[in-house]
Amino acid sequence: MDNYDYDLFVIGAGSGGVRAARMAAGFGAKVAIAEDRYMGGTCVNVGCVPKKLYVYASEFSKSFSDARNYGWDSEKPAFHWATLRDNKKKEISRLNGIYNRLLEGAKADVIDGRGRILDAHTVAVGERRFSAGKILIATGGWPHIPPFPGSELTLSSNEIFDLEQFPQRLVIVGGGYIAVEFAGIFNGLGSRVTQLYRGPLFLRGFDADIRAHAAREIAKTGVDLRFEVNVEAITRGAGRLELQLTDGTTIEADAVLYATGRKANLEGLGLENVNVEVNEFGTVVVDAEYRTAEPSIFALGDVTGGMELTPVALAEGMSFARRQFGELENVVDYDFVPSAVFCQPNIGTVGFTEEQARARFGHIRLFKSTFKPMKHTISGRDEQTFMKLIVDKASDRVVGVHMMGPDAGEIMQGIAIALRAGATKAVFDTTIGIHPTAAEEFVTMREAWTED
Ligand code: NDP
C-alpha cells in the first residue's frame with residue numbers, strides 16, 4: 199500500500215466536498231479537507247440558505263397588505279435591514295459550526311487555507327505539504343462580471359447579502375436564477391428595483407410559457423423589468439451611481455447587482471502542474487466517475503460545469519465516495535432533476551420544456567391552467583398561478599411539469615418522484631386531489647390545451 203498522508207485530500211468545503219469527505223471517512227478512509235473561505239461553500243454562505251431567508255423576509259411585505267381584507271388592521275410595519283442582515287449572519291455562523299463539527303465527527307482533518315496542487319499526489323496549503331492517494335477538486339464557482347467601464351462599481355451575489363446600507367434604488371443585471379430571485383427579494387423589502395436583461399425574454403432555458411408568465415407576474419409586483427437592454431458604463435455621481443444603457447437612457451441607483459453567471463473557481467489551484475483538462479467553458483473535464491485526465495485527481499459539483507445545484511453536488515459527492523472508498527456501484531441519474539427559482543411567486547420545474555419535448559418525442563399533449571390562488575380571492579392581490587403538464591402522446595408518460603405560483607418549489611419535489619417513477623397522464627388522472635390546494639390542479643387537468 200502506498201504511504202500517503204491521506205487516502206483523500208478534498209479541496210473545497212462546499213456542498214459536494216463536505217459530503218464526499220464525510221462519506222469517504224465513514225468508509226474508513228483517512229481524509230483531509232482544505233477550505234480558504236467559509237465552511238459550507240456558496241450554498242450555506244452566499245447562496246441557497248441566506249437567499250431563502252431573505253425571500254422569507256421579503257414576502258412579509260405582501261402578507262401585511264394581504265391580511266387587511268381578512269380583517270387584520272394595523273399600522274404599516276417598518277423594515278430594518280440591519281436586523282435581518284445580522285440575524286442572517288448569526289444563523290450562517292451556526293451552520294458553519296455544524297459543518298465543522300460534522301467533519302470533525304467524521305474524523306476528517308479540516309485545514310484552513312487554499313489548496314494548491316503540486317503534483318498528482320501532493321497538495322500544498324500555505325507552507326504545508328500533504329500527500330494523498332486521491333485528490334478531489336470541489337472548489338465550486340465564482341460570480342462572473344463582464345469587464346466594462348465602471349464594472350468595479352458593481353456588486354455580485356457574494357457581497358449583496360451583507361451591505362452596510364440598504365439600497366433604496368437597486369439595478370440588477372441578468373435574467374437567470376440569481377437575478378430574478380434578488381429582484382423579488384429587494385422589491386419586497388422596499389427597494390425600487392430595475393432589472394435589465396440583454397435578450398427579448400429572461401429565464402432562458404425554462405419553458406416558454408413559464409418565461410412569459412414570469413415576466414407578467416414579476417412586472418405586476420412592481421419590478422421595473424426591461425428587456426433588450428444592457429449597461430454600457432457606470433460612473434459614480436454624488437452619493438449615487440449613474441448607469442448609461444445601450445438604449446441611450448440613463449438610470450440612477452444606490453447599488454448595481456451583476457448576476458451574469460458564474461465561472462469555475464480554479465484560480466491558484468495549480469492545475470498547470472498536472473494533466474487535468476479544462477474545456478472551453480473553463481470547467482474541469484471529468485468522466486462518469488468524476489475522474490479527470492489525471493487518474494488520481496477527481497472533480498465534482500459546479501467546478502465541472504454540470505447542473506449548478508446543491509443537491510446535484512451532494513449526489514455526486516456521495517457517488518464518488520461510495521465508488522472510490524466504499525467499493526459500491528453508484529451512478530448519479532441526471533434524468534428529471536427538479537429545480538425551483540425562488541422568485542415571487544416561485545417557479546418549480548421538472549423534466550422537458552415544451553420545445554425539448556416536441557423535439558424528443560414528436561407528438562405531445564399539453565395541459566395548461568391559469569388561475570387566481572384561493573388566498574387572493576379575498577386578499578385582493580393581483581396574482582395568477584400557472585401550471586403546465588407535457589405528455590408524450592405515444593407512451594402517455596408525463597415528461598414535463600412546470601409551475602409558477604405559491605409553493606411551486608415544494609409542490610414540484612413530489613411531482614419529480616412521480617415523473618421518475620414513470621407516471622403516465624392516466625396515473626395523474628386517477629390520483630385523488632387534496633382539496634382545497636393549488637396542487638390538486640395537477641390531477642384535475644382533463645382537457646388538453648393542444649395535441650399534435
Ligand atoms: P445564469 O447562468 O442562470 O444566468 C446568467 C444571466 O446573465 C443570463 O440571463 C445571461 O443572459 C446573463 N448574462 C450573461 N452574461 C452577460 C453579459 N455579459 N451581459 C448581460 N447579461 C449577461 O446565472 P446566475 O448567475 O443567475 O446563476 C448561476 C447558477 O447558479 C444558475 O445557473 C443555477 O444553476 C444556480 N442557482 C440556482 C438557484 C436555485 O436552484 N434556486 C439559485 C441561484 C443560482 P443569457 O440568457 O442571454 O445568456
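Sequential numbering of the sequence shown, starting at 199, is according to the numbering used here. For each residue, glycine too, the CB sits at the ideal point set by N, CA and C.
Pairing residue 524 with residue 300, the inter-Cα distance amounts to about 19 Å. The distance from the Cβ of residue 547 to that of residue 405 is about 7 Å, consistent with a contact at the 8 Å cut-off.
In its chain, beyond the 5 residues on either side, 595 have a beta carbon closer than 8 Å to the beta carbon of residue 620.
Between residue 534 and residue 617 the beta-carbon gap is near 5 Å, inside 8 Å, which marks them as a contact.
Contact check for residue 469 against residue 330 fails: the beta carbons are separated by 8 Å or more.
Residue 467 and residue 474 have their C-alpha atoms some 11 Å from each other. Just so you know, the alpha carbons of residue 612 and residue 384 end up roughly 30 Å apart.
When DSSP states are grouped into helix, strand and coil, residue 452 belongs to the coil group. According to the DSSP assignment, residue 380 belongs to the alpha helix (DSSP H) that extends over 375-387. By the Cβ neighbour-count rule, residue 604 is buried, with 16 or more other Cβ atoms within 10 Å of its own. In this structure, residue 619 has its CB at a distance of at least 7 Å from all heavy atoms of the ligand NDP. Going by DSSP, residue 559 is part of no beta strand (DSSP E) but of the alpha helix (DSSP H) stretching over 552-559. Within the DSSP secondary-structure output, residue 368 pairs in a beta bridge with 391, 453. Taking 3 residues as the shortest admissible run, the stretch 213-262 contains the following complete beta strand (DSSP E) segments, listed from N- to C-terminal end: 229-233. At least one heavy atom of the ligand NDP lies less than 7 Å from the C-beta of residue 371. Short of 6 Å from the beta carbon of residue 424, and not among the five residues preceding or following it, lie these beta carbons of its own chain, in chain order: 394. Taking 7 Å as the cut-off, one finds at least one heavy atom of the ligand NDP near enough to the beta carbon of residue 428. For residue 305, the CB contacts under 7 Å within the same chain, skipping 5 residues up- and downstream, are 223 in chain order.
Considering only 624, 332, 242, the residue with the shortest C-alpha distance to residue 203 is 332. In the structure shown, residue 602 adopts extended strand secondary structure according to DSSP, grouped into three states. A residue is called buried once 16 or more other Cβ atoms fall within 10 Å of its Cβ, and residue 550 is buried on that count. Taking all protein chains in view, the Cβ of residue 519 is crowded by 16 or more other Cβ atoms within 10 Å, so the residue is classified as buried.
Classified as buried, residue 457 has 16 or more neighbouring CB atoms from the shown chains inside 10 Å of its CB. Rounded to whole angstroms, residue 390 and residue 381 show a C-alpha spacing of 9 Å. By the CB criterion at 8 Å, residue 242 and residue 208 fall outside the cutoff. For residue 295, the three-state secondary structure derived from DSSP is helix. Proximity of the beta carbon of residue 224 to the ligand NDP is not indicated: no heavy atom of the ligand is located closer than 7 Å. Shown here for residue 642: same chain residues with a beta carbon closer than 8 Å to its own, the five before and five after excluded, namely 631 in chain order. The beta carbons of residue 212 and residue 511 sit closer together than 8 Å.
Taking 8 Å as the cut-off, the beta carbon of residue 502 is found no closer than this to the beta carbon of residue 472. Nearest to residue 366 by alpha-carbon distance, out of 438, 275, 571, 429, is 438. Straight-line measurement puts the Cα of residue 521 at about 6 Å from the Cα of residue 527.
With respect to the 8 Å criterion, residue 545 and residue 555 are not classified as neighbours on the basis of their beta carbons. Under the 10 Å beta carbon count, residue 627 is surrounded by fewer than 16 other beta carbons and is classified as exposed. For residue 404, the Cβ stays outside the 7 Å cut-off from all heavy atoms of the ligand NDP.
Here residue 491 is not near residue 538, since their CB atoms are 8 Å or more apart.
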